[in-house]
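2 protein chains.
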Amino acid sequence: MNINEVYSLIESEINEVNSELQRNLDSDVEMVNEVASYVFQSGGKRLRPVFLVLSSKLAGYSGIRTAVLSGVVEYIHTATLIHDDVIDGANYRRGKESANRVFGNDITVLCGDFLYSRAFINLVKDGDPNIQMILANAAKTMSEGEVFQLIKTADFFLKYEDYEKIIYSKTAVLFSACCEIGAILGNMDIEKRNILKEFGKMVGLAFQMSDDILDYLGNPENTGKKPGTDLREGKMTLPMIILRSELNREEIKSIRDFFTSEDFTEEKLSYILSLMEQYDIKRKSEKFVDDYIFKAKDLLSEFEDNEFKESLLFLADYMVQRDR
Amino acid sequence: MNINEVYSLIESEINEVNSELQRNLDSDVEMVNEVASYVFQSGGKRLRPVFLVLSSKLAGYSGIRTAVLSGVVEYIHTATLIHDDVIDGANYRRGKESANRVFGNDITVLCGDFLYSRAFINLVKDGDPNIQMILANAAKTMSEGEVFQLIKTADFFLKYEDYEKIIYSKTAVLFSACCEIGAILGNMDIEKRNILKEFGKMVGLAFQMSDDILDYLGNPENTGKKPGTDLREGKMTLPMIILRSELNREEIKSIRDFFTSEDFTEEKLSYILSLMEQYDIKRKSEKFVDDYIFKAKDLLSEFEDNEFKESLLFLADYMVQRDR
Chain V
5 MNINEVYSLI ESEINEVNSE LQRNLDSDVE MVNEVASYVF QSGGKRLRPV FLVLSSKLAG
65 YSGIRTAVLS GVVEYIHTAT LIHDDVIDGA NYRRGKESAN RVFGNDITVL CGDFLYSRAF
125 INLVKDGDPN IQMILANAAK TMSEGEVFQL IKTADFFLKY EDYEKIIYSK TAVLFSACCE
185 IGAILGNMDI EKRNILKEFG KMVGLAFQMS DDILDYLGNP ENTGKKPGTD LREGKMTLPM
245 IILRSELNRE EIKSIRDFFT SEDFTEEKLS YILSLMEQYD IKRKSEKFVD DYIFKAKDLL
305 SEFEDNEFKE SLLFLADYMV QRDR
Chain Z
5 MNINEVYSLI ESEINEVNSE LQRNLDSDVE MVNEVASYVF QSGGKRLRPV FLVLSSKLAG
65 YSGIRTAVLS GVVEYIHTAT LIHDDVIDGA NYRRGKESAN RVFGNDITVL CGDFLYSRAF
125 INLVKDGDPN IQMILANAAK TMSEGEVFQL IKTADFFLKY EDYEKIIYSK TAVLFSACCE
185 IGAILGNMDI EKRNILKEFG KMVGLAFQMS DDILDYLGNP ENTGKKPGTD LREGKMTLPM
245 IILRSELNRE EIKSIRDFFT SEDFTEEKLS YILSLMEQYD IKRKSEKFVD DYIFKAKDLL
305 SEFEDNEFKE SLLFLADYMV QRDR
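Protein chains in written order, with the working numbering: chain V, 5 to 328; chain Z, 5 to 328.
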């Protein structure tokens, strides 16, 4: 199996999602549509809709609600994303100038708010209280997680559990919601629904960890990003947490101030990368990712084999692919 | 009747609202609760809950849902308010330092997002699709209105209709929603429900107009605000729009650049205030407010007389009281 086969399998559903995303940009304030179009045109892989659609297919559902609900998920995701870009002062997003840079912070914050309310309008229209609660709670968790991450900025001694809480909130909770919603659409029993929910969570955690590893240890030619953004922004992530656990007292002393002082330098990054190489941090970090993906895939053994299950298994690996 | 009598009449309901607002600040990220508490402690008159509760009482409802739904309304209102303060770079709010000044823009934006999602969680719990749609649409209108206002910044030739669209979005739509929700809670027929909805809209428009008049022409000792904030921020509001319509070509030329250039001076403000005095703008602006309040109160003639109706009539006048 390859990624194109996955997209082919659910091509009409994903096309519906893209139509849905455009269809709702109907504000009579033209600027709102312009900002939202700009953000949605920048593409992205629609990973969350893919998980939602595949889960619903695995649960035996076929219908238009996957497009509506995927639209809601993408609106929530995009709202948090553009608010984060404002907060991080990001200049680029998916290789294009970020919305905040093109339209300014003010309008971008407000368009995020617009997308939240657009999401909830469609959620109300869809009319399922269970799904409404799952997504309203996910949105709450995401905003709380971002605050938590901000508070923990520059905290070199961030606990692993707190790191996991952060990546659960920022990434895993929404993937988990997508898979659970798919199960609900297909009327799966509560046990299977919880399995899919857990599957989405595991994949989401592994996905964010993988991203955090690439930030230090990825090949810039593949990622298209300068390495060390997280160091620059004072975000403690998996590879640094593992590195910290390997270092002796002297080495810790030598780098802990990198996270509290504002002045990032390439020398500091190089020094950290050399320590990461010395202590084999890439392999050790990837072990965490592999464990989560293994657990995630194992969960699916509860389901009968078909092309949708096969696609989800493929995607679990694809999401954490290393040559990105 | 006076304002204390109104509050006494619905004292237990408003106490329930205040408990509700506190009760939901249960994030396991302590900072989120801290910011929200800070914002809610700064008080405010809970005007929106007062309208919601009185409308529900007029409609014959008595029960706990007014507290839950008032909480939702206050969360949405507060979310937009703290996002606006970030955007305007406001330093003060209700005589206290603004949240963005105390906690920073980043955390304040995220806590606004938290309040939105908290609102929607409670709205889902309440479970009425009509009310959900009214408030989701109100939130959408509010964010669109803010974008529209931003686009129209420094537009000296803003049309009156566009001004009304802005104040409808930023203020009137939520008051209108509160009154309509009250009607729904008491199972009023659609005709009466629309009357209350319209009443809330009229009062909301008049309230915002009154605020915009005070910004130029209020007594700083009563308002506690420096006059001319709207001029400083390039916002065209009612008194300026009316003044513009009175001026000759030369006078317009002499002031229109005040709105496009960044450098506000006290001299410019003084000059505008002298023109406003010369052309009797205070009285002419207040005429607009009075017309709306007259229409609003007239709408209530459809309802039988009782203390709740009397309170709403009193509040209509109270909201636009001039010695504030």
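We put the CB at the ideal spot given by N, CA and C, even for glycine.
DSSP-derived helix/strand/coil call for residue i
i, result
"R236(Z)", "helix"
"R50(Z)", "coil"
"E308(V)", "coil"
"K230(Z)", "coil"
"Y65(V)", "coil"
"K163(V)", "coil"
"R98(V)", "coil"
"S31(Z)", "coil"
"K156(V)", "coil"
"Q282(Z)", "helix"
"L251(V)", "coil"
"M192(Z)", "coil"
"R326(V)", "coil"
"I297(Z)", "helix"
"S41(Z)", "helix"
"M5(V)", "coil"
"S274(V)", "helix"
"S59(Z)", "helix"
"E266(V)", "coil"
"N223(V)", "coil"
"I14(V)", "coil"
"T112(V)", "helix"
Same chain only: Cβ atoms within 8 Å of residue i, ignoring 5 sequence neighbours per side
i, result
"S147(V)", "T84"
"G93(Z)", "N104"
"D89(Z)", "R97, S102, A103, N104 and T112"
"H81(V)", "R52 and L178"
"N134(V)", "I188"
7 Å CB neighbourhood of residue i in its chain, flanking five on each side removed
i, result
"V389(Z)", "What the structure shows of chain Z is the stretch from 5 to 328, and residue 389(Z) is not part of that stretch, so it cannot be assessed."
"L13(Z)", "E311 and S315"
"L29(Z)", "N37, A40 and S41"
"I7(V)", "Y322"
"R69(Z)", "D130 and L189"
"L1(Z)", "Residue 1(Z) is absent from the structure shown; chain Z starts at 5 and stops at 328."
Distance between residue j and residue i (C-alpha atoms, nearest Å)
i, j, result
"I297(V)", "V324(V)", "8 Å"
"M5(Z)", "Y322(Z)", "11 Å"
"D295(V)", "K313(V)", "19 Å"
"K196(V)", "E306(V)", "8 Å"
"R27(V)", "S173(Z)", "22 Å"
"V293(V)", "N104(V)", "32 Å"
"D193(Z)", "L200(Z)", "11 Å"
"D234(Z)", "F268(Z)", "11 Å"
"L303(Z)", "K129(V)", "31 Å"
"V21(V)", "V10(V)", "15 Å"
"K291(Z)", "G108(Z)", "41 Å"
"L319(V)", "E202(Z)", "52 Å"
"D261(Z)", "I217(Z)", "21 Å"
"N252(V)", "E270(V)", "23 Å"
"S16(V)", "E15(Z)", "56 Å"
"N95(Z)", "G228(V)", "40 Å"
"I18(Z)", "F211(Z)", "21 Å"
"E266(V)", "K257(V)", "17 Å"
Cβ distance (whole Å) where residue i is taken to contact residue j below 8 Å
i, j, result
"G64(Z)", "H87(Z)", "Not really, about 36 Å apart at Cβ, beyond 8 Å."
"L154(V)", "D110(Z)", "6 Å"
"G149(V)", "I170(V)", "6 Å"
"Y167(V)", "I259(V)", "The Cβ separation is near 17 Å, so there is no contact."
"I91(Z)", "V33(V)", "Rounded, the Cβ-Cβ distance is 15 Å, inconsistent with contact."
"K280(V)", "L221(V)", "The question names Lys, but residue 280(V) is Met in the sequence shown. Yes, M280(V) and L221(V) are in contact; Cβ-Cβ is about 7 Å, under 8 Å."
"F1(Z)", "L25(Z)", "For chain Z, the structure presents residues 5 to 328; residue 1(Z) sits outside this window and is missing."
"E250(Z)", "Y283(Z)", "4 Å"
"L273(Z)", "P224(Z)", "Contact doesn't hold; Cβ gap of about 12 Å is too wide."
"Y164(V)", "Y120(Z)", "So it is not a contact: roughly 31 Å between Cβ atoms."
Residues of its chain near residue i, where Cβ-Cβ distance is below 6 Å and the 5 sequence neighbours each way are ignored
i, result
"F118(Z)", "V36"
"A176(V)", "K205, G208 and L209"
"L277(V)", "none"
"A142(Z)", "V177, L178 and A181"
"T264(Z)", "A158"
"D219(V)", "T233 and D234"
"S31(V)", "N37"
Taking one C-beta from the stretch 235 to 243 of chain Z and one from the stretch 151 to 167 of chain Z each time, how about it: are there three or more such pairs within less than 8 Å? The stretch 235 to 243 of chain Z vs the stretch 151 to 167 of chain Z: in contact.
Specify whether the stretch 50 to 59 of chain Z and the stretch 174 to 187 of chain Z touch according to this definition: at least 3 beta carbon pairs, one from each stretch, less than 8 Å apart. yes
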